[in-house]
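The sequence shown begins at 23 in my numbering and counts up one residue at a time. The C-beta atom is built at its ideal place from N, Cα and C for all residues, glycine as well. Before any comments, here is the structure.
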Amino acid sequence: MSTIHPDPEATGAQTPHLDFAGTTPYEDYVQADVLTHLQHLRSDDPGEMVFLVTTQVMELWFTVIVHEWETAAHAMRGDRLDVAQDALKRSLRELEALNASWTPLAQLTPAQFNSYRSSLGEGSGFQSAMYRRMEFLLGDKSASMLVPHRGAPRVHAELEKALAEPGLYDEALALLARRGHAIPGSVLGRDLTRKYEPSPEVEAVWTAIYANPDQNDELVRLGEVLTDVGELVWRWRNDHLLATRRAMGSKTGTGGSAGVAWLEKRATKNVFPELWTARSHV
């Protein structure tokens with residue numbers, strides 16, 4: 023006995039609008055056709071597609087996270103902690119999604135990775151301009167990281183601007199200073215184009231804030247959400263290390279990077295250092 027599906031229009035059921043003169047409004051907004059035709063494979067290996075798409079997805083998450091952190095930095099500069107907190111909290115969910123991007127790649131065997139590794143040529147993740155902007159916002163700055171982008175004027179200019187601007191932690195410490203906490207002038211007036219270095223005085227400020235949570239509730243919550251960001255960044259670096267170690271061992275990385283050795287060094291570093299060390303003194 024067959025089942026007859028009634029015509030939605032005949033029964034008066036509500037149906038979506040299906041007839042458009044051009045592209046659909048969804049396509050106009052999402053640009054799905056552009057996104058799904060950006061995969062230009064360079065090998066015949068069927069596994070290259072997931073590697074390429076996963077990497078492209080990572081770039082999109084980098085872009086969202088940079089937007090959130092720039093929003094948070096700007097809000098802290100204007101003493102709008104509620105706006106900053108909201109942006110930082112959103113970035114936590116986005117960092118979790120970014121970190122989950124390693125899952126499709128985490129089980130690659132050396133043979134599977136080698137089957138299309140040569141297609142990368144000199145390409146390497148450390149050349150990602152958007153990831154570099156993320157690192158700059160975390161206070162991990164280096165003018166030498168602009169060098170690979172000299173041939174792309176717009177990208178180079180954006181990175182040069184980001185290099186010279188305060189990062190998330192710079193804005194947080196400036197806010198603490200405006201709230202009457204003793205952040206030293208050497209920290210507030212530091213060369214923003216250089217990597218942030220830990221300060222005993224800043225550690226003492228965070229220790230005092232955490233030791234008196236009733237008086238510093240808003241600043242403790244700021245410290246905690248920044249610590250959450252730092253933890254997820256640490257997890258990202260370690261997941262990157264594990265995926266790379268599994269796929270290629272200790273061989274030299276693509277683009278001439280040191281591969282696992284470089285990632286191992288990165289994985290030991292915490293961002294926003296005094297937020298971690300101050301906990302030993304509370």
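Can you list, in chain order, the residues of its chain whose CB lies under 8 Å from that of residue i, leaving out five sequence neighbours each side?
{"i": "residue 125", "result": "none"}
{"i": "residue 161", "result": "189, 190, 191, 192, 217, 218, 293, 294"}
{"i": "residue 151", "result": "171, 174, 177, 180, 181"}
{"i": "residue 242", "result": "231, 232, 235"}
{"i": "residue 347", "result": "Nothing about residue 347 can be reported from this structure: the residues present for the chain run from 23 to 304 only."}
{"i": "residue 271", "result": "132, 282"}
{"i": "residue 200", "result": "101"}
Grab me the residues of residue i's own chain with a C-beta within less than 7 Å of its C-beta, minus the 5 sequence neighbours each way, in chain order.
{"i": "residue 260", "result": "289"}
{"i": "residue 233", "result": "304"}
{"i": "residue 214", "result": "186, 187, 188, 192"}
Rounded to the nearest angstrom, what separates residue i and residue j at their Cα positions?
{"i": "residue 235", "j": "residue 248", "result": "16 Å"}
{"i": "residue 251", "j": "residue 239", "result": "19 Å"}
{"i": "residue 269", "j": "residue 153", "result": "21 Å"}
{"i": "residue 256", "j": "residue 229", "result": "22 Å"}
{"i": "residue 60", "j": "residue 54", "result": "10 Å"}
{"i": "residue 167", "j": "residue 184", "result": "12 Å"}
{"i": "residue 157", "j": "residue 187", "result": "12 Å"}
{"i": "residue 291", "j": "residue 284", "result": "12 Å"}
{"i": "residue 297", "j": "residue 144", "result": "37 Å"}
{"i": "residue 299", "j": "residue 246", "result": "13 Å"}
{"i": "residue 39", "j": "residue 48", "result": "12 Å"}
{"i": "residue 204", "j": "residue 99", "result": "18 Å"}
{"i": "residue 119", "j": "residue 244", "result": "22 Å"}
{"i": "residue 263", "j": "residue 286", "result": "7 Å"}
{"i": "residue 220", "j": "residue 169", "result": "26 Å"}
{"i": "residue 224", "j": "residue 210", "result": "11 Å"}
{"i": "residue 45", "j": "residue 52", "result": "11 Å"}
Examine the ligand COA and report whether any of its heavy atoms sits within less than 6 Å of the Cβ of residue i.
{"i": "residue 296", "result": "Judged by which ligands are present, the structure shown has none, so any question about the ligand COA falls away."}
Got a sec? Which residues, its chain only, sit under 6 Å from residue i by beta carbon, not counting five neighbours each side?
{"i": "residue 258", "result": "121"}
Which whole runs of the alpha helix (DSSP H) in the segment 151-214 are 4 residues long or more, in chain order? 151-159, 175-186, 190-200, 207-210
Three or more C-beta pairs closer than 8 Å, one from the segment 130-143 and one from the segment 94-104: is that the case here? no
Does the count of Cβ pairs from the segment 81-98 and the segment 173-183 closer than 8 Å reach three? no
Does the segment 73-88 come close enough to the segment 105-123 to have 3 or more Cβ pairs within less than 8 Å? yes
Measuring CB atoms only, is the segment 134-145 touching the segment 61-78, in the sense that at least three cross pairs come out at less than 8 Å? yes
In chain order, which continuous runs of the alpha helix (DSSP H) of length 4 or greater are located wholly inside the segment 243-303? 282-289, 295-299
Which ranges does the beta strand (DSSP E) cover as unbroken runs of at least 3 residues, wholly within the segment 67-110, from first to last along the chain? none
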